[in-house]
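Chains F and C are the protein sequences, given in the same order. Going by our numbering, 121 is the number at position 120 of the first sequence; the sequence numbering is gapless. Going by our numbering, 1564 is the number at position 367 of the second sequence; the sequence numbering is gapless.
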Amino acid sequence: MIKLVGVDRHFQVGDQLVRALDGIDLTIQNGEYVSIMGPSGSGKSTLLNMLGLLDRPTAGHYYLDDKDTSLLSEMELATTRGEQIGFVFQVFHLVPRLTAEENVELPMVLGGLKPALRRKRVARALADMGLSDRAHHRPDQLSGGQRQRVAIARATVMEPSVLLADEPTGNLDSTSGLDVIEVLESLNAKGLSLLVVTHDPEVGSRAARRIKMMDGRIVADDGVAQ
Amino acid sequence: MRPADTFWLSGSALLRYPLRTGMMLLATAIGVAAVIILTGLGEGARRFVTGEFASLGTHLVIVIPGRTETTGGGPALLAGETPRDLTLADAIALKRSTAVAKIAPIVLGSASASWGGLEREVPVLGSTTALLEIRHWQMEEGKFIPDSDPSRATSVVVIGGKVRDEIFGPESAIGKWLRLGDRRFRVIGVLATEGRAIGLDVQELVVIPVASAQALFNSPSLFRIIVSARSRDAMSRATEDIRTIITERHRGEEDVTVITQDAVLQTFDTIFAALTMTLAGIASISLAVAGVLIMNVMLVAVAQRTSEIGLLKALGGSARQITRIFLTEAALLSLFGGVIGLGLGFAGVWLIKRIYPAFPASAPYWAVIAALVIAVGSGIAFGILPARRAARLDPVDALAGK
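Given below as structure tokens:
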């Protein structure tokens, strides 16, 4: 479960204070499907980074599974990211020199898992994404949709509880974009919390719970009633 | 993270940029090769000089007439005075010391040697049978000066190979009568040894009994006396005894200089060891330069791979892991560069030995180890800054490539 209480994130740009997040209160239950929409600069990416423990709040508290993350050390944050959170990026962020298989293996390498276990999980993750025959291809030998599916395999291979997707369809044509969204939704159907940040209303409207942001604040949230 | 995986991640990054990796390997390799070759030359010089000295014989004490000391006289006296000659009787008297094993009194001069119609000016060395052993000379044919009373002037001569070739040509020299100055000597042996003794080419030398040489040059004084002590430990006692005996015989005046082979050898050894160290130091500067280059290129690599570093952080990589990955990269670079440099260095030393076979160039083992350790050490030391910079990147900025 994710719980943000009074979270601010302020940046100093020149002599101007930018309030990227301004008093965010947000609770997301396990297994929810949430879309976060809003114009550029509304703070939605900052919110996602915050949820992914890549960024720390200037003020307020972030509880992940009832644990206050502001008390965690850099090392503990890294471990938590590796074990509980999966990232899917707009630009895929695959390591170009590594094959699809090796890219998927990367989080487990960082996590220090045994090679035998890693091989098994990589094979399964790639098979789930329908990419078994692409295991030994490097990213530049894959299509955009295939790259994003490799990235999703990588994001899920550590069996996280939350999947954070930042414009996952932003660099894809509509067919492969839909394909990727369906893959993400199927993962959500298996119980994984899914948060998608998007510009695209068509993608955003598919989510069960839709959050709209503006100037660092949540202006609409159809799951807030609960 | 498992060590093997760290190597794999770092290694794959190195293979991705072959030109850059190659350049850094080359820089380190040149540094290590420079250390190996320069110390090889220094060590070669040391071995060459000590070898030359060792060929003069071991545990030797040399007695030279005159005493090296600064006296109140004019500049001409600075080199020492010779108030009294060193004589054959002095040399024989040295046998009284129990620390002395053998003595070889030396008389040196030059005379014209002739046989048949051929005549040649040759350096003539007068000595005793002990000289052969003291100097470790080898005979090519015949015998050396016989072991008889040193004060008896027998008319026999032992000649160097070159003298034989130039005077007797292809004919056998043994048994021939060689004229030296106004005397005739029967050739009884030919020396096989090559090299130098007292600054003279052994091959160009003729050796006659010491008493014969005194008669030939009409002078009782010895050029010097070479004494071999019974053992290395007996050397200091031999030196003392020699001083005492000579002083006693020269009416209380210590008018000889006694040099031990060891002292001279030790001095040269120290000088050349210092020289080798200096060369190693100079060569290590190139290793430091290679280290700086590694740092430079690693900083570029960190800048180029910013988004990859951000990704590693997003995937659960801690600052410590990222530091380790980049340090491993630097260490691998310097290690492989060092190994290549060892290869180049040994090849260079081998080449030097091929070109100058007489020069015993050889990199000392400490230099080989030091070169590798310094190479890897400087690689890691200079890798710390880039690795830290990578580890400290803000993950959000890094992912955005900022």
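Glycine residues also receive a C-beta, built at the ideal position from the N, C-alpha and C atoms.
Item, Value
"Runs of beta strand (DSSP E) lying entirely within the stretch 1342-1366 of chain C, each at least 3 residues, in chain order", "1353-1357"
"Distance cut-off 7 angstroms: C/F1341 Cβ against heavy atoms of the ligand FAD", "Here there are no bound small molecules, and the ligand FAD is not part of this structure."
"Span separating the alpha-carbon of C/L1512 from that of C/S1207", "17 angstroms"
"Same chain, Cβ closer than 8 angstroms to C/K1359, neighbours up to 5 away in sequence not counted", "D1398, Q1400 and E1401"
"C-beta neighbour in chain C for F/A21, strict 8 angstroms", "no"
"Beta-ladder partner(s) of C/H1447, from DSSP", "Bridge partners of C/H1447: none, in fact."
"C-alpha gap between C/L1590 and F/L95, whole angstroms", "19 angstroms"
"Burial state of F/G205 (16 or more Cβ within 10 Å)", "buried"
"Cutoff 8 angstroms: F/P202 Cβ touching any chain C Cβ", "no"
"Alpha-carbon to alpha-carbon, C/A1301 and C/L1328", "5 angstroms"
"Counted within 10 angstroms of its Cβ, other Cβ atoms place C/L1274 as buried (16 or more) or exposed", "Residue placement at C/L1274 cannot be trusted, given a pLDDT of 45 that sits under 50; the coordinates are not used to answer."
"Contact set between C/M1198 and chain F, taken where Cβ atoms lie within less than 9 angstroms", "V110, L111, G112 and G113"
"Within-8 angstroms CB hit, F/H94 to chain C", "yes"
"Rounded separation between F/G192 and F/V92 - CA only", "26 angstroms"
"Contact between the stretch 172-188 of chain F and the stretch 107-124 of chain F (3+ Cβ pairs under 8 angstroms)", "no"
"Bridge partner(s) assigned by DSSP for C/E1316", "C/S1311"
"7 angstroms CB neighbourhood of F/Q30 in its chain, flanking five on each side removed", "M2"
"Validate contact between the stretch 163-171 of chain F and the stretch 128-144 of chain F using beta carbons, cut 8 angstroms, 3 pairs", "no"
"Buried or exposed (CB count within 10 angstroms, at least 16 for buried), F/Q149", "buried"
"Cβ of F/D9 within 8 angstroms of any chain C Cβ", "no"
"Residues near C/M1432 by beta carbon distance below 7 angstroms, same chain, minus five either side", "H1256, V1258, A1426, T1457 and D1459"
"Coarse secondary structure for F/D26, derived from DSSP in three states", "strand"
"C-alpha gap between F/D9 and F/V198, whole angstroms", "19 angstroms"
"Near-chain C residues of the stretch 51-62 of chain F (beta-carbon distance less than 8 angstroms), N- to C-terminal order", "G53, L55 and D56"
"Helix, strand or coil at F/Q85 [DSSP, three-state]", "helix"
"Endpoints, beta strand (DSSP E) assigned at C/S1481", "Where C/S1481 is concerned, there is no enclosing beta strand (DSSP E), although the alpha helix (DSSP H) it sits in stretches over Q1458 to Q1501."
"Beta carbon of C/M1492 nearer than 8 angstroms to that of C/E1526", "no"
"is_contact[F/G24, chain C] using C-beta, thresh 8 angstroms", "no"
"Interface partners of C/P1592 on chain F, CB under 7 angstroms", "L55"
"Chain F residues whose Cβ lies nearer than 9 angstroms to that of C/K1599", "None at all; the shortest Cβ gap to chain F is about 13 angstroms."
"Own chain residues within Cβ distance below 7 angstroms of C/G1269, not counting five before or after", "Legend: pLDDT at C/G1269 = 48, less than 50; position of this residue unreliable, no value from coordinates given."
"Within chain C, partners of F/F88 - CB distance below 9 angstroms", "L1508, A1511, L1512 and L1596"
"Rounded straight-line distance, which links the Cα of C/I1331 to that of C/V1384", "22 angstroms"
"Test item: CB-CB of C/G1538 and C/A1226 under 8 angstroms", "yes"
"The stretch 208-221 of chain F: positions lying closer than 9 angstroms to chain C by Cβ", "none"
"Cross-chain neighbours of F/L107 in chain C, by beta carbon under 7 angstroms", "L1512"
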